[in-house]
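Taking it in order: structure first as structure tokens, then the write-up.
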Amino acid sequence: MTMHQSTVLRELLLSGETLVMPDAYDALSARIIEKLGFNAVQCSGFSVALAAAVAPEPAFGLEPNLAGTEAIVRAVRVPVMADGEDGFGDASVIPDTVRAYVGVGVAGINIEDQVLGQPGPKQVIPLAEAVAKLKAARQATVEAGVPDLILNGRTDALMAGDTPEAGLAEAISRANAYLAAGADLAFVIGVDDIEQVNVLVREINGPVSIAAGMPNNLGSLSIARLRDAGVARVSLPSLLLFSAIRAMMRSLESVRQSDGFDEIVAHDMVCEMGDVAALMAP
Numbered sequence: 036m037t038m039h040q041s042t043v044l045r046e047l048l049l050s051g052e053t054l055v056m057p058d059a060y061d062a063l064s065a066r067i068i069e070k071l072g073f074n075a076v077q078c079s080g081f082s083v084a085l086a087a088a089v090a091p092e093p094a095f096g097l098e099p100n101l102a103g104t105e106a107i108v109r110a111v112r113v114p115v116m117a118d119g120e121d122g123f124g125d126a127s128v129i130p131d132t133v134r135a136y137v138g139v140g141v142a143g144i145n146i147e148d149q150v151l152g153q154p155g156p157k158q159v160i161p162l163a164e165a166v167a168k169l170k171a172a173r174q175a176t177v178e179a180g181v182p183d184l185i186l187n188g189r190t191d192a193l194m195a196g197d198t199p200e201a202g203l204a205e206a207i208s209r210a211n212a213y214l215a216a217g218a219d220l221a222f223v224i225g226v227d228d229i230e231q232v233n234v235l236v237r238e239i240n241g242p243v244s245i246a247a248g249m250p251n252n253l254g255s256l257s258i259a260r261l262r263d264a265g266v267a268r269v270s271l272p273s274l275l276l277f278s279a280i281r282a283m284m285r286s287l288e289s290v291r292q293s294d295g296f297d298e299i300v301a302h303d304m305v306c307e308m309g310d311v312a313a314l315m316a317p
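Numbering (our numbering), first residue to last: 36 to 317.
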């Protein structure tokens with residue numbers, strides 16, 4: 036009997052090894068992640084929306100996010116975790132959201148507590164509302180017949196505090212509440228340095244997930260340091276899309292300025308057809 040992808044993902048997370056999950060923004064980027072040897076793929080709602088030239092992210096909505104997620108799932112054999120944003124509504128709609136993502140074959144889903152689309156400083160929803168969403172999501176996984184589906188309880192509280200210290204304390208409190216509500220992972224977003232990571236790992240009563248390779252921590256965090264700190268899962272939310280944007284801009288700027296391709300050839304800036312064939316191979 037074939038093991039459900041959620042069980043595969045759960046076993047990866049229980050292995051004791053830090054699971055690195057690069058974030059895909061389309062089927063091709065997911066295929067690249069798999070072909071380069073990563074064992075799981077994370078979907079980035081931000082990147083999927085940005086790749087469709089939709090901003091701000093909340094304007095993208097459930098259906099386009101779901102369609103992008105399904106394309107990613109179909110492109111790879113490894114487990115895929117969806118970006119369920121804020122669940123696309125309150126706790127009453129969470130079961131429908133979870134069932135929709137289960138229906139396209141995901142192995143896990145992020146549910147976050149930030150107030151999406153709110154101008155100005157970062158804000159988070161009341162703790163009771165966030166806990167209710169995660170409890171509803173956990174129950175929905177059982178009712179959908181996939182109790183192993185990974186729930187990644189995300190908090191943006193670190194960036195919403197009046198002070199860095201207050202933000203860190205609130206992030207820890209929420210992370211523990213989300214784990215108690217049924218989340219499998221406590222995903223703290225906005226981490227800047229390894230000192231914060233060490234505090235989070237020490238104070239959170241369960242597996243910790245961190246976003247790295249972000250503009251705010253690209254130079255201060257590494258996979259090796261996060262692994263040594265005991266982080267359970269590392270996602271790379273913007274790394275692939277931001278790298279692709281920079282590469283496309285550099286290539287086209289070179290052509291525009293030089294009317295030729297010498298720089299592109301000299302710096303090996305394009306892949307070969309063999310690379311494409313390898314990505315398309317079953």
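Backbone N, C-alpha and C fix where the C-beta goes; we use that ideal spot for every residue, glycine too.
Report task. Could you give the DSSP three-state label for Arg-112: helix, strand or coil? Result -> Note: Arg-112 maps to coil in three-state DSSP.
- prompt: Applying the criterion that 16 or more other CB atoms from any shown protein chain within 10 Å of the CB defines a buried residue, is Ile-280 buried or exposed?
  reply: With fewer than 16 Cβ atoms within 10 Å of its Cβ, Ile-280 is classed as exposed.
Return helix, strand or coil for Gly-379, following the three-state DSSP convention.
Nothing in the structure corresponds to residue 379, since the chain is present only between 36 and 317.
*Examine the Cβ distances between the region 245 to 254 and the region 219 to 234 and report whether three or more of them are shorter than 8 Å.*
Verdict: yes, contact present.
**Report entry** Reduced DSSP category for Ser-244 - H, G, I as helix; E, B as strand; rest coil
**Finding:** strand
Could you tell me the alpha carbon to alpha carbon distance between Pro-129 and Leu-235, rounded to whole angstroms?
Checking the sequence shown, residue 129 turns out to be Ile, not Pro. Rounded to the nearest angstrom, the two C-alpha atoms are 27 Å apart.
| message | Can you give me the C-alpha to C-alpha distance between Ala-62 and Ala-167, rounded to a whole angstrom? | response | The straight-line gap from Cα to Cα measures roughly 32 Å.
Can you tell me where the beta strand (DSSP E) holding Ile-146 begins and where it ends? Ile-146 -> beta strand (DSSP E) spans 143 to 147.
Length-filtered (4 minimum) alpha helix (DSSP H) runs lying within the region 223 to 281: 229 to 238, 258 to 264
Pick out the complete beta strand (DSSP E) segments inside the region 37 to 88, 3 residues or longer, and give them in chain order. Secondary structure in the region 37 to 88: the beta strand (DSSP E) runs of 3 residues or longer, each lying completely within the stretch, are 54 to 59, 76 to 78 in chain order.
| In its own chain, which residues sit with a C-beta less than 8 Å from the C-beta of Leu-158, not counting the 5 before and 5 after it? | Reading off the sequence, residue 158 comes out as Gln, not Leu. Excluding positions up to five away in sequence, the list reads Gln-149, Val-150, Ala-195.
Exercise. Keeping to the same chain, check which residues put their C-beta closer than 6 Å to that of Leu-101; ignore five residues upstream and five downstream.
Key: Ala-135
### Query
For Thr-176, does the count of other Cβ atoms within 10 angstroms reach 16, so buried, or fall short, so exposed?
By the 10 Å Cβ count, Thr-176 comes out buried.
Simplified DSSP state of Val-159, which is helix, strand or coil | strand
**Q.** Buried or exposed by the 16-neighbour rule on C-beta atoms within 10 Å, applied to Pro-116
**A.** For clarity, residue 116 is Met in the given sequence; the question names Pro instead. Its Cβ being crowded by 16 or more others within 10 Å, Met-116 is buried.
Span of the beta strand (DSSP E) around Leu-184
Per DSSP, Leu-184 belongs to no beta strand (DSSP E) and is neither H nor E.
- Message: Check this for me: beta carbons of Ser-273 and Ser-82, under 8 Å apart or not?
- Response: If you check the CB distance, Ser-273 and Ser-82 come in under 8 Å.
>> Between the alpha carbons of Gly-188 and Ile-68, how many angstroms are there, rounded?
In response: 23 Å
**Asked** What is the rounded straight-line gap between the Cα of Leu-48 and the Cα of Ile-239?
**Response** 16 Å
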